[in-house]
DNA sequence: AAGAAACTTGACTGAATGGTCAACGCTGGT
DNA sequence: ACCAGCGTTGACCATTCAGTCAAGTTTCTT
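Protein chains in written order, with the working numbering: chain A, 789 to 1004; chain B, 789 to 1004.
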């Protein structure tokens, strides 16, 4: 860790860093290439040369924009995390409970379909024990989940949804939606490579959660 | 690929290979150590030195028993796959449909709890696109799933379970059970490190599938 | 007991890979 | 038109890591 004048990110001092047009463009190109490579091969499996090739830039040029492999990975995860948690934040406590939960499920499934690379990047990180995002999970995500669980329990107490363990309800939505992105390879091999893995998934999950949550 | 007289595995010729006591013991030790390391760091992230250290053997000794890193990994996956598919094979077409499906779900969940390392090894492989087990998935697993799906559809046609997409039903069981092993780190960080991640999972899934499958 | 075969390892090697550096564009402001 | 500093890269390092080898030690068989 030394030079790299082209720093940005949350750790930079309060100077008015003038990011040029070229900087913005190249950083985006690099992050996109890195997402492609990291999500396909994992952190250790990815090489700077692969990222450079994918980005169409030279390796030293990559390192001109980022402090190292680790820094690129960190930048990706940081960007990802807020995006990843957004659907959960959009739960409206004032809304109709079942519709709200279904909406969350659909948003999450849509993200798996639209951002499978991000999903795999995240899955890889958690599989390794989440060493690089442990702090965020223990604080931000945990608080968000606790709040949501409390809301779900309130809804259950009011008899507006069936009483179920709110944590497992949330985990089940994560599990199902992640699965369609992370295990896409397996699903394709079983259902045929030409089928969209998420085909029918929404209908299935719709039925699943409608029956689970219907107040009795 | 050259020497390594201590070969075994499914590719060996039909000679009566006399595996000694030491060979059996050390191979088991190596595979166990490799499972530990591969499941924690992925294929590329694992090193032979780590495996050797974990096994308490020297690196050349590891290579005396296996043809290379790749061979160890292949051996693990091969061993794993049959174990992994067993619960599905145990579905009894003559049994009571809902009870059979619940039984499958419970067996799968039990495996996630008892063999989280195997689960993560498998998840890692699929995440990378399943390059090393693609053949088995496309043949054995696919056939097994197709058969099971046909059985489920028959049960639905007979009105013994609610009509649901059989493939997504199977995928959902995989997704939920794998999640508790593969995303254990995340679950622990959210629910507290002292809680068993699968606590309450069985009850939740029980409710979930009971309501989904109840004939209407 | 002794020879053969099985087992073990310290010391290497070659390739891959993250990162550095000095030198060379190129561009925008004046 | 010029030049300061941003942008770019070929050529290099240092380290890591899979795999080799020759020389040992242990175990089995008779």
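Every residue, glycine too, gets a C-beta built ideally from N, C-alpha and C.
Keep in mind it's a predicted model, so treat the numbers as computed, not measured.
query                                                                                                                                                                        : result
My output table needs one value for residue 888 (chain A): the three-state DSSP class, helix, strand or coil.                                                                : helix
Which of the three DSSP states, helix, strand or coil, is assigned to residue 822 (chain B)?                                                                                 : helix
Contact criterion: CB-CB distance below 8 Å. Does residue 947 (chain A) meet it with respect to chain B?                                                                     : no
Output yes if chain A places a C-beta closer than 8 Å to the C-beta of residue 943 (chain B); else output no.                                                                : no
For residue 976 (chain B), which residues in the same chain have their Cβ closer than 8 Å to its Cβ, ignoring the five residues on either side in sequence?                  : 983, 985
Decide if residue 830 (chain A) is buried, meaning its Cβ has at least 16 other Cβ atoms within 10 Å, or exposed.                                                            : buried
When the cut-off is 8 Å and only beta carbons count, does residue 894 (chain B) lie next to chain A?                                                                         : no
Excluding the 5 residues flanking residue 937 (chain A) on each side, which residues of the same chain have their C-beta closer than 6 Å to its C-beta?                      : 954, 955
Give the single residue among A:918, A:963, A:997, A:944 whose Cα lies nearest to the Cα of residue 866 (chain A).                                                           : A:918
Take residue 872 (chain B) and list the residues in its own chain whose beta-carbon comes closer than 8 Å to its own, dropping the five residues that flank it on each side. : 899, 906, 910
Quick check: the segment 849-856 of chain B against the segment 841-853 of chain A, are at least 3 beta-carbon pairs closer than 8 Å?                                        : no
For residue 927 (chain B) and residue 974 (chain A), what's the separation of their Cα atoms in angstroms?                                                                   : 12 Å
Cα separation between residue 825 (chain A) and residue 815 (chain A)?                                                                                                       : 15 Å
If we cut at 8 Å on Cβ distances, does residue 961 (chain B) have a partner in chain A?                                                                                      : no
Under 8 Å between the Cβ atoms of residue 861 (chain A) and residue 962 (chain B)?                                                                                           : no
What's the gap between the Cα of residue 1012 (chain A) and the Cα of residue 844 (chain B)?                                                                                 : As displayed, chain A neither begins before 789 nor continues past 1004, which places residue 1012 (chain A) out of reach and without an answer.
Counting only beta-carbon separations shorter than 8 Å, does residue 925 (chain B) have a partner in chain A?                                                                : yes
Quick one: grab the DSSP three-state call for residue 952 (chain B).                                                                                                         : coil
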